[in-house]
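Novice: Residue 9 in the numbering used here sits at position 9 of the sequence shown; the count goes up by one each step and never skips.
We treat Cβ as the ideally placed atom computed from N, Cα and C, and that holds for glycine.
Here it is, the structure, as structure tokens.
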Amino acid sequence: MSETLNAAAETFVDRRSSHPSGGAIGIERRQFADSHDGLSPDARELAQAIDSYKLLHRRRFITYEEMLAVIKQLGYHK
């Protein structure tokens, strides 16, 4: 049994120490980071504003109230 553990320990690769895309360690991965290309200019502006809000407040997901606040900051109103 200990031979099996030693073999497993020798082949183990710790992937936590580097980012798979070669980027800097500690940068948070976001769900839709690469999907802004096909958006209209207004949708791209909203997506970038939401991404900025999430980075500023260290949030992966935001609530509808937070999204509404971002939209209002962009100047939209009902």
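Using only the heavy atoms of the ligand SAH, determine whether one of them is closer than 7 Å to the beta carbon of S40.
Specialist: This structure lacks the ligand SAH, and indeed carries no ligand of any kind.
Novice: Check whether the stretch 45-54 touches the stretch 68-77, counting contact only when three or more Cβ pairs, one atom from each stretch, lie closer than 8 Å.
Specialist: The stretch 45-54 is in contact with the stretch 68-77.
Novice: Measure the beta-carbon distance from Y76 to I62 and round it to whole angstroms, keeping in mind my assumption that it falls under 8 Å.
Specialist: Their Cβ separation, rounded to whole angstroms, is 16 Å, which puts Y76 and I62 out of contact at 8 Å.
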